[in-house]
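**Student:**
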Amino acid sequence: MTSKVCVLGAGSTKYGKLNESIIEIALNAAKDAIESAGITPKEIQAGYISNVFGVADKQVHMAPVIMSNLGISHVPGLTIESACGSGSVMFREAFANVAAGFYDCVLALGVEKVTHTGTVHSTTLFSYCSDFFYEGGNGASFPGLFASMARAYMTTHKATEEDLANVAVKNHENGMFNPKAHVHKKITVDDVLKSPVVASPLKLLDCCPFSDGASAVILCSEDFAKKSGKPYMEIIGSGRGASPAAVQGREDITTIPSTVAAARQAYKMAGVAPKDINFAEVHDCFTIAEIIDIEDLGFFPKGKAAHAVRDGATRLNGEIPINPSGGLKSKGHPIGATGVGQVVEVFEQFTGRAGQRAVPKAEIALTHNFGATGASAAVHIFKKVDRK
Amino acid sequence: MVTENTRDKFIEAANRKKILAHRCTTCGHLMLETVLFCEKCSGSKFEHAELEGSGKVVTYTIQAVAPEGFGDAGPYAWVVFDIDNAKLRASGFLPGVAEPKDLPVGAKVRVTGFDQKHGLMLQKSS
Chain A
38 MTSKVCVLGA GSTKYGKLNE SIIEIALNAA KDAIESAGIT PKEIQAGYIS
88 NVFGVADKQV HMAPVIMSNL GISHVPGLTI ESACGSGSVM FREAFANVAA
138 GFYDCVLALG VEKVTHTGTV HSTTLFSYCS DFFYEGGNGA SFPGLFASMA
188 RAYMTTHKAT EEDLANVAVK NHENGMFNPK AHVHKKITVD DVLKSPVVAS
238 PLKLLDCCPF SDGASAVILC SEDFAKKSGK PYMEIIGSGR GASPAAVQGR
288 EDITTIPSTV AAARQAYKMA GVAPKDINFA EVHDCFTIAE IIDIEDLGFF
338 PKGKAAHAVR DGATRLNGEI PINPSGGLKS KGHPIGATGV GQVVEVFEQF
388 TGRAGQRAVP KAEIALTHNF GATGASAAVH IFKKVDRK
Chain B
-8 MVTENTRDKF IEAANRKKIL AHRCTTCGHL MLETVLFCEK CSGSKFEHAE
42 LEGSGKVVTY TIQAVAPEGF GDAGPYAWVV FDIDNAKLRA SGFLPGVAEP
92 KDLPVGAKVR VTGFDQKHGL MLQKSS
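Going down the list, the sequences are from chains A and B.
Number 229 in the working numbering belongs to position 192 of the first sequence; there are no gaps in the numbering.
Number 116 in the working numbering belongs to position 125 of the second sequence; there are no gaps in the numbering.
1. Rounded to the nearest angstrom, what separates L144(A) and A57(B) at their Cα positions?
2. By the criterion of Cβ-Cβ separation under 8 Å, what are the contact partners of A81(B) in chain A?
3. If we cut at 7 Å on Cβ distances, does A205(A) have a partner in chain B?
4. Could you confirm whether any beta carbon from chain B is found closer than 7 Å to the beta carbon of K195(A)?
5. Is DSSP giving K341(A) helix, strand or coil here?
6. Return the residue from the list Q107(B), S116(B), M112(B) and Y67(B) that minimises the CA-CA distance to S237(A).
7. Output the residue ranges of the beta strand (DSSP E) runs that lie fully inside the segment 43 to 112 of chain A and measure 3 residues or longer, sorted by chain position.
8. Of all Cβ atoms in chain A, is any one closer than 7 Å to the Cβ of G110(B)?
9. Cutting at 6 Å between CB atoms, please list the residues of its own chain near H219(A), excluding the five before and the five after it.
10. For the beta strand (DSSP E) containing P86(B), list its first residue and its last residue.
11. Chain A beta carbons: is any one of them nearer than 7 Å to that of E28(B)?
12. Please report the distance separating the alpha-carbon of V381(A) from that of A253(A).
13. Do you know offhand how far G335(A)'s Cα is from V309(A)'s?
14. Is it buried or exposed for V422(A), if we count other Cβ within 10 angstroms and need 16 for buried?
15. Whole angstroms is fine: what's the gap from C32(B)'s alpha carbon to T17(B)'s?
16. Check whether the Cβ atoms of N88(A) and M99(A) sit closer than 7 Å, and answer yes or no.
17. At a CB-CB cut-off below 9 Å, which residues of chain B make contact with G23(A)?
18. Given that T192(A) touches chain B, what residues does it touch there, using C-beta distances under 8 Å?
19. From K0(B), R14(B), N6(B) and N(-4)(B), pick the residue whose C-alpha is nearest to that of S77(B); which is it?
20. What residue range does the alpha helix (DSSP H) around Q302(A) cover?
21. Taking the DSSP output, what are the residues bridged to A402(A)?
22. Closest to E385(A) by C-alpha separation, out of I81(A), A342(A), P101(A) and F214(A), would be which residue?
23. Measure from the C-beta of Q107(B) to each C-beta in chain A and report whether the shortest distance is under 7 Å.
24. With which residues is S252(A) paired in a DSSP beta bridge?
25. Could you pull the start and end residues of the alpha helix (DSSP H) that D260(A) belongs to?
26. Provide the residue(s) that pair with R7(B) in DSSP beta bridges, ordered along the chain.
27. Is F316(A) buried or exposed, if buried means 16 or more other CB atoms sit within 10 Å of its CB?
28. Given a threshold of 16 other Cβ atoms within 10 Å of its Cβ, counted over all protein chains shown, does E172(A) qualify as buried or as exposed?
29. Is there a C-beta anywhere in chain A that falls below 7 Å from the one on Q114(B)?
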């Protein structure tokens, strides 16, 4: 039997084009999380780090470097890579180790720095996350792979390019209220449709930006959280899933099997249903991804998400707000950090720090993050804890 | 048992306009990749299966912004297609496609070879 695990503190750098080294970016987020938890680094018993392209800033084996710079070089660390899903996959490992009783208090930190390599080289680096022999090697970029999923979805469910654009408009609207978001720019459906084509049917404004940034949280046992006297939330559900690595290997290209499996596990563990979720942070690397995600997570029936988005159901004041942070689309997508950044957003929402993007009366929230075209995914469900 | 250098053999078959797959000798399940155990029946014996290098487009994209190594390729599509007479899909590079109207879903394509720079080469067929 596992014990309860809580998130006690959270912090993020701004997402965007950052000039500091990857280690400095990571440390800034770690410091914020440690201060927010009201602990000292000496209380951290292990460090979990997620990162993909550290090599682009000349640093792999990042965990010991981060631990050393926090003044706790004796604390063991582990660096985890699962493409764009690295953050949530790593968070799951941190969660599992605290749940199993190995540690009472750990740091979970995701970081990425790629913008200095330029758009063309970043696109190439990202393509290495695909099943390269069949995908990147035959000329598909990541926008291209998601474009192929968009075409399949639009063909099957009669969705339109406007339907996809609505996702971008909504997420940019939310991102306006997030001071740490990469892109602060209100856009219209027309702006999206008129932006240059990247990989048809996806256009520039259907795509999230390449971002640098870091996010960090402190996970701990329930006892540790209670004694801290600080606000915290409980992780009530955790699930992992996997899909065939290549798009060609999936029988139905309009769904992501890893999301479906991870969500099923997380809902079961939490003892809640999709209707119980008050808001969700989902993986919207491209507009089509959010449409597919919110069906796979059970918020809308298959083929109906596009209509729901158009009707405003996923806006901040809708029945199920999706990506109040602005999502990957507006907040940004520093791929190693993204999954942790979603947890930071839930923490800020639950602890009254979300400002104008606050979802009123939210008590249960879900995070969903995947790697590549969904080859690996993790879903987590959180419950707000009210201190007596 | 399927031997080593599977990708070299895939490329050699593609240059003869065929697609090399692997068939589980126990249950007949077809896979492109070499695996040690069949994903359906866990059988551990496989044989090469040369499939028709032709099929129908399931989905695709036209890469307006080409990744490194594809900048000189002109307009092209990256295509996922159902291989004819097999319950299996493959992906490839289809040059000369500039507009979605040039490639309706369901269009027929066939393998023309394997290019070291651009991968599995396709062309439209009738």
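Think of the CB as a built atom: it goes at the ideal place given N, C-alpha and C, for glycine as much as any other residue.
**Tutor:** Let me lay it out:
1. Translated into the one-based positions of the first sequence, residue 144(A) becomes position 107. Translated into the one-based positions of the second sequence, residue 57(B) becomes position 66. Distance between the alpha carbons of L144(A) and A57(B) is about 39 Å.
2. Position 90 of the second sequence, counted from the start, is the residue given in the question as residue 81(B). What A81(B) touches in chain A: Y171 and Q285.
3. Stepping through the first sequence from its first residue, residue 205(A) is reached at position 168. Chain B contact via Cβ: absent.
4. Reading the first sequence from its first residue, position 158 is the one you call residue 195(A). It does not; no Cβ of chain B falls within 7 Å.
5. Stepping through the first sequence from its first residue, residue 341(A) is reached at position 304. Of the three classes helix, strand and coil, the one that applies to K341(A) here is coil, per DSSP.
6. On the first sequence, residue 237(A) is found 200 positions in, with the first residue counted as 1. Ranking the options by Cα distance to S237(A), first place goes to Y67(B).
7. 83 to 87
8. Stepping through the second sequence from its first residue, residue 110(B) is reached at position 119. Taking Cβ atoms only, chain A reaches closer than 7 Å to G110(B), which makes this a yes.
9. Translated into the one-based positions of the first sequence, residue 219(A) becomes position 182. Contacts found: Y52, G53, P246, S248 and G369.
10. On the second sequence, position 95 is the one that residue 86(B) refers to. Here the beta strand (DSSP E) through P86(B) covers R80 to P86.
11. The sequence position of residue 28(B) within the second sequence is 37, counting from 1. Residue identity check: residue 28(B) is Phe in the sequence provided, not Glu. Chain A, which has no Cβ nearer than 7 Å to the Cβ of F28(B), makes this no.
12. Locating residue 381(A) in the first sequence gives position 344, counting from the first residue. Locating residue 253(A) in the first sequence gives position 216, counting from the first residue. About 7 Å.
13. Position 298 of the first sequence, counted from the first residue, corresponds to residue 335(A). Position 272 of the first sequence, counted from the first residue, corresponds to residue 309(A). Using only the alpha carbons, I get a separation of about 12 Å.
14. On the first sequence, position 385 is the one that residue 422(A) refers to. By the neighbour-count rule (16 or more Cβ atoms within 10 Å), V422(A) is buried.
15. In the second sequence, counting from the first residue as 1, residue 32(B) sits at position 41. In the second sequence, counting from the first residue as 1, residue 17(B) sits at position 26. C-alpha separation (whole angstroms): 8 Å.
16. In the first sequence, the residue the question calls residue 88(A) occupies position 51. In the first sequence, the residue the question calls residue 99(A) occupies position 62. Closer than 7 Å, so yes.
17. The shown model of chain A, from 38 to 425, leaves out residue 23(A), and the question about it has no answer.
18. Within the first sequence, the letter at position 155 stands for residue 192(A). Within 8 Å Cβ-Cβ: T50 and V96.
19. Counted from its first residue, the second sequence places residue 77(B) at position 86. Residue identity check: residue 77(B) is Ala in the sequence provided, not Ser. Comparing Cα-Cα distances from A77(B) to each of K0(B), R14(B), N6(B) and N(-4)(B), the minimum goes to R14(B).
20. Taking the first sequence and counting its residues from 1, one reaches residue 302(A) at position 265. Run containing Q302(A): P294 to A307, per the alpha helix (DSSP H) assignment.
21. On the first sequence, residue 402(A) is found 365 positions in, with the first residue counted as 1. Answer by DSSP bridge pairing, in chain order: F316(A) and F419(A).
22. Mapped onto the first sequence, residue 385(A) falls at position 348. Nearest C-alpha to E385(A): F214(A).
23. If you number the second sequence from 1, residue 107(B) lands on position 116. So, not an interface residue.
24. Residue mapping note: residue 252(A) aligns to position 215 of the first sequence, counting from 1. BP columns for S252(A) point to S49(A) and G147(A).
25. Along the first sequence, one-based indexing puts residue 260(A) at 223. It spans E259 to S265 - the alpha helix (DSSP H) in which D260(A) sits, taken as one unbroken run.
26. Here residue 7(B) is taken as the residue at index 16 of the second sequence, counted from 1. Its beta-bridge partners do not exist; DSSP assigns none.
27. Along the first sequence, one-based indexing puts residue 316(A) at 279. Buried, because 16 or more other Cβ atoms sit within 10 Å of the Cβ of F316(A).
28. Reading the first sequence from its first residue, position 135 is the one you call residue 172(A). That one is buried.
29. Reading the second sequence from its first residue, position 123 is the one you call residue 114(B). Answer no: the Cβ-Cβ gap between Q114(B) and chain A never drops below 7 Å.
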